[in-house]
Structures are given as structure tokens and as C-alpha cells.
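Residue numbers (mature numbering (1 follows the signal peptide of the UniProt record, and there is no 0)): -2 to -1, 1 to 260. Below: one structure, written as C-alpha cells.
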Ligand code: 9J3
């Protein structure tokens, strides 16, 4: 049977495949030096295969005082599912969210124009993620750049709570026991402020702290993979994991706009 979605990559997904520590693609990495302009360098994780064409890509920013090591686990985890993943360092570890957002966009620009893997990336299928102030940066980048295909703030922190202009499909991931970026002060108002017509989700990690996104987490991985696949790759094979809303015991609350339209 002919595949009618040109962006679909990899075999048909299962719960086991999105929960797995690694996906079907072998992954290599390359280092981008801090001397690059616009952001602080980073590490690009990419599928070695060139037989399926280009891949979508996502840039990931760390939080306040953090380096790329805080987000390293996303590299192999997401790239092995069929994405080019760029975990970045920011120019300064104290940079605020909007600055981190501009740096995420600079990183994506570098990725598709100048990086050694530029020929492997589809420049029209890009997304942003980030932890805490890096998650605030992901929101900021998505707000300024509607051509992005997906955003995932991870226990995001931003002084702006009104994202009514956002047009990028966004999965807001918060943590129930986050006392640094409380869900009541950050993730929940972020989600609620976004247009009701937007493809958006709110996933609250049960019993988790602000720093849950900094180490391997199967709940974060399986729904981030599903969101990126669904909106960067237009891969409706993953809609089954997002709609109807997930009811994992590791999720204290999920809000959605199912069924997705984009
Ligand atoms: O990136 C973050 O962890 C932001 C939380 C924070 O400490 O903000 C205080 C200014």
C-alpha cells in the first residue's frame, strides 16, 4: 500500500515503541562549537539513515543556570525516533526566556543553513523545546515564528502568561510539585491563554518536581515523541496516543483540544 504522507518516518508505532529507551533509527552526533554566532553552540543528534529522505528537527534549550547537559537525554531518545535534535547551550547561563527563544531560532537557522547535517533536515518542519526558562524561550520562539510546526515547554517559566497569539501546536508539560515554575503560575495559564482553536495539550506529571525534565522520563518521552510526530511530520499514526487524552497513572492532569485538526 502506498504511503500517502511524505513526511512519515519509521515503522507503525506502538505503546512499546514510544516508551522504548531508543527508537528504530541509529543515531550519530556532531558538536557545534560555542564560537558560533547567535547561541552558545551545542550537540546535534541525527539519524544516520539517508534512505528515507530528510527529517524534521527540533532545537532544545536548557533552563536558568543550566547547560546542554540538562537536556542531553532528549538527543538520542528523540533522534532515534526519526528527528534531528539540537540540544543547545545558551550564550549565558543567566539569559532570560525571550533571549533563549531568539537563541533557539538562531540554532535552527544554523542547523538548516550551515551545519554539517543541513542536507538531512527539512527546513520547513522545525520545532522548539526547552526546560524552564528554556521552555519560556520555546513559547517565545513559537509566538514570533508561526511557521514552526511544534513547541513543547517543559516545566516552562515565563513572566508572560498570555499566549493568545500563539499559532504553533503546543504541548505544555508541567510538574505537579513544581515550586519554581508552579503549574498555577506558569503551565496552566500558558495553556489556558492559547486559542481554543489551537491544537494544544496540557500534561501534568504526577508527583514530579521542576527538574523532572532533566533526566530520562518515559512519560515526557512518549508524549513528546507523539506530539513531534503528529505535528512536525503530520504523522496521524501517532494521534492514537494523544486523542482521546492519555490516562497514564504518571499524569495527574491532561487537558486537550481533541480531535486535532492541524
Ligand atoms: O529556568 C528556570 O529554572 C527558571 C526558574 C527560576 O529560577 O527563575 C528565577 C528567576
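Cβ coordinates follow ideal geometry from the N, Cα and C atoms, glycine included. None of these values were measured; they are calculated from a predicted model.
Inset, instruction - Leaving aside the five residues before and after residue 82 along the sequence, list all residues of the same chain whose C-beta is less than 8 Å from its C-beta, in chain order. - result: 42, 43, 44, 45, 53, 54, 55, 56, 109, 115, 118, 119
Legend entry - Coarse secondary structure for residue 146, derived from DSSP in three states: coil
Inset, instruction - Inspect the beta-carbon positions of residue 304 and residue 164 and report whether they are closer than 8 Å. - result: Past the edges of the chain, shown from -2 to 260, lies residue 304, and the structure says nothing about it.
Inset, instruction - For the alpha helix (DSSP H) holding residue 189, just list the boundary residues, first then last. - result: Unbroken alpha helix (DSSP H) run through residue 189: 185 to 191.
Legend entry - Same chain, Cβ closer than 6 Å to residue 36, five either side skipped, listed in chain order: 104
Inset, instruction - Tell me whether residue 121 sits in a helix, a strand or coil according to DSSP, three-state version. - result: Strand at residue 121.
Inset, instruction - Would you kindly work out how many angstroms separate the C-alpha atoms of residue 122 and residue 151, rounded to a whole number? - result: 20 Å
Legend entry - Buried/exposed call for residue 2, threshold 16 Cβ in 10 Å: exposed
Inset, instruction - Select from 158, 232, 198 the residue whose C-alpha is nearest the C-alpha of residue 255. - result: For the residues 158, 232, 198, the minimum Cα distance to residue 255 belongs to 198.
Legend entry - the ligand 9J3 heavy atom lying under 7 Å from the CB of residue 155: yes
Legend entry - Segments of 3+ residues assigned as beta strand (DSSP E) that fall wholly inside the stretch 66 to 107: 81 to 86
Legend entry - Under 8 Å between C-beta atoms of residue 95 and residue 39: no
Inset, instruction - Going by DSSP, name the residue or residues bridged to residue 152. - result: 129, 171
Inset, instruction - Give the straight-line distance between the Cα atoms of residue 207 and residue 89, rounded to the nearest whole angstrom. - result: 26 Å
Inset, instruction - Determine the direct distance from the alpha carbon of residue 113 to that of residue 232, and round the result to whole angstroms. - result: 25 Å
Inset, instruction - Use the C-beta contact count for residue 102: other C-beta atoms within 10 angstroms, 16 or more gives buried, fewer gives exposed. - result: buried
Inset, instruction - Report buried or exposed for residue 257, applying the criterion of at least 16 other Cβ atoms within 10 angstroms of its Cβ. - result: exposed
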